[in-house]
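Down below is the structure, laid out as structure tokens.
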Amino acid sequence: MAYPEYIPYKKKRKPGLFILLLICFLFVAAFGIYQIPWVNRVVSWRIDLALTYIHRLLNPVSELPAPMVNRSTEPAVPSSTPVPSTSTPTPLISPTPTATPTPIPATTILTAPAYDEAKDTQDWNNCGPATLVLYLRYYGWEGDQYDISKIIKPTRDDRNVNVEELVYYVRNYSGWLKAEFRVGGNVERIKDLLAAGFPVMIEESFTTDRKYWPEDDLWSGHYLLITGYNDATRTFTVQDSEIGPNQSVNYEILDKKWQAFNRVYIIIYRTEQEQTLKEILGDDWDLDKNRENALAAAQHEAQEDPQNAFAWFNVGTNQTYFKNYSQAAQAYDTARSIGLPQRMLRYQFGPFIAYFQTGRTEDVLTLTKYALDISRTSEEAMLWRGWAFYQNGDKNTAMSYFRDALKIREDYEDALWAIDYINAN
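First residue of the sequence shown: 1498, per this note's numbering; consecutive thereafter.
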């Protein structure tokens, strides 16, 4: 019987190298797939949510810090308006008409812009551009939310777009359209504009449907486009880039949510509509008079409801416009003492300005740190944190923050100016 030749023993190889190569392959493949735009849009915010939640488990978020000055337990009485006014402060100030007002219909429903759920549902933190594109589409503009965001929100995880940035886009990129924004609006003003054929874009409070950290209060800001009203049901028809088109919102509920943003509203119009718009706005067409009216309304609301933090915050914001920084800081102190939402400083930056201008550097440092803990990509918080360090004599750290702000938005003019100022001084 023949036997096979000798077969030497070979020790089985460990699968380590194979597994390592497989992991590398899967990582490269996943990275490549992640670069596909629609995949990135779907996945990236979920990754951010998970990472933020884990970070906040290790570093819990507290409430927005209280002011760093001794205050009475009673809220301060709001100061008078900064410019002479013969009007008595009331919550809803009627503009001075240029002619006898014509009664408006009990119902007005403008043609809603076409809404494609696949492309018009807002991208992550993109309600400003997503709502603006619906507004522009009403006038026949063609484009999508990404055409707008790549100009005014080039960093995708930038959490906020201001009304000034939205108006800037319209004035510089929409072609034939014009835009204005005003503050201190009210339900009747919205109805007057709608009855004249102007949709109205507002910024309001919104309750998010997901927690980004265990102590998340779920409060955030959100833009809406209002395209109709019905007095019989006391509802507005709104286009909501998060929820969907043609939503109904009660007058009182909308006004309450709107208050947190000084009742700001944007109007986009054709050149030939400007005279009509001026007649509707009355003395609110003038920017200073508009702020005076808004300040008077906020002061009245603060007097009527002294525990309303948003009313006090609006007093501070309107005082800041008039460079009455001491009165503004006092109003902001009251709002903070009552309590503000965790994300408030993601959207509004008046406290940074008022405290900086009154020499309260530690308050600026405290609030900007908190704001960046909440929203790490806030170029506005970076800017004012830089100015606080500059105020403390630390130019190098100030420059670092200004440059960080430019990493979020490379054409951020306030940061560019700050760098030029320090270089020149």
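Where a beta carbon is used, it is the ideal one built from N, C-alpha and C, also for glycine. Given the structure is predicted, the values throughout are model-derived calculations rather than measurements.
In this structure, DSSP gives residue 1897 a helical state, which the three-state scheme calls helix. Comparing alpha-carbon positions, the option among 1831, 1826 and 1835 lying closest to residue 1847 turns out to be 1826. For residue 1725, the enclosing beta strand (DSSP E) starts and ends at 1716-1727. Nearest to residue 1900 by alpha-carbon distance, out of 1916, 1891 and 1886, is 1916. In the structure shown, residue 1674 adopts extended strand secondary structure according to DSSP, grouped into three states. Of the residues 1780, 1742 and 1898, the one whose Cα lies closest to the Cα of residue 1877 is 1898.
The C-alpha of residue 1662 lies about 13 Å from the C-alpha of residue 1656. If you draw a 10 Å sphere on the C-beta of residue 1820, you find fewer than 16 other C-beta atoms in it, and that means exposed.
Here the region 1617-1632 does not lie against the region 1803-1820, with fewer than 3 beta-carbon pairs under 8 Å apart.
In the three-state reduction of the DSSP assignment, residue 1520 falls in the helix class, which pools H, G and I. Of the candidates 1758, 1694, 1709 and 1715, the residue whose Cα lies closest to the Cα of residue 1721 is 1758. With fewer than three CB-CB distances shorter than 8 Å, the region 1696-1710 does not count as touching the region 1769-1782.
In the DSSP assignment, the residues bridged to residue 1698 are 1722 and 1763. In the DSSP assignment, residue 1668 forms no beta bridge with any residue.
With contact defined as three or more Cβ pairs closer than 8 Å, the region 1628-1645 and the region 1663-1680 are in contact. Sequence-distant partners of residue 1564 (beyond 5 residues in either direction) whose C-beta falls short of 7 Å from its own C-beta, in its chain, are 1830, 1833, 1834 and 1860.
The C-beta of residue 1517 has fewer than 16 other C-beta atoms within 10 Å across all chains shown, which makes the residue exposed. In terms of Cβ geometry, residue 1762 and residue 1658 do not form a close pair [threshold 9 Å]. Inside the region 1781-1808, DSSP marks whole alpha helix (DSSP H) runs of 4 or more residues at positions 1784-1801, from first to last along the chain. Put simply, of 1644, 1686 and 1607 the residue whose alpha carbon is nearest the alpha carbon of residue 1671 is 1644. At least 9 Å separates the beta-carbon of residue 1919 from that of residue 1879. Exposed is the label assigned to residue 1707, since fewer than 16 other Cβ atoms lie within 10 Å of its Cβ.
Here residue 1737 is bridged, per DSSP, to 1741. Under the DSSP assignment, residue 1750 falls in the alpha helix (DSSP H) whose first and last residues are 1748-1755. A contact is defined here as three or more CB-CB pairs under 8 Å, and the region 1721-1734 fails this definition with respect to the region 1783-1791. By the 16-neighbour rule on beta-carbons within 10 angstroms, residue 1872 is buried. Rounded to the nearest whole angstrom, the CA to CA distance from residue 1896 to residue 1911 is 13 Å. Proximity to residue 1856 across 1875, 1684, 1888 and 1804 peaks at 1888, based on C-alpha coordinates.
For residue 1886, the three-state secondary structure derived from DSSP is helix. DSSP places residue 1606 in the uninterrupted beta strand (DSSP E) bounded by 1604-1606. When DSSP states are grouped into helix, strand and coil, residue 1855 belongs to the coil group. By the 16-neighbour rule on beta-carbons within 10 angstroms, residue 1874 is buried.
Put simply, the backbone Cα of residue 1764 is about 12 Å away from that of residue 1777. Separation of residue 1798 and residue 1921 (C-alpha to C-alpha, rounded to the nearest whole angstrom) is 44 Å. The DSSP-derived three-state label of residue 1703 is strand.
Less than 9 Å divides the Cβ of residue 1606 from the Cβ of residue 1724.
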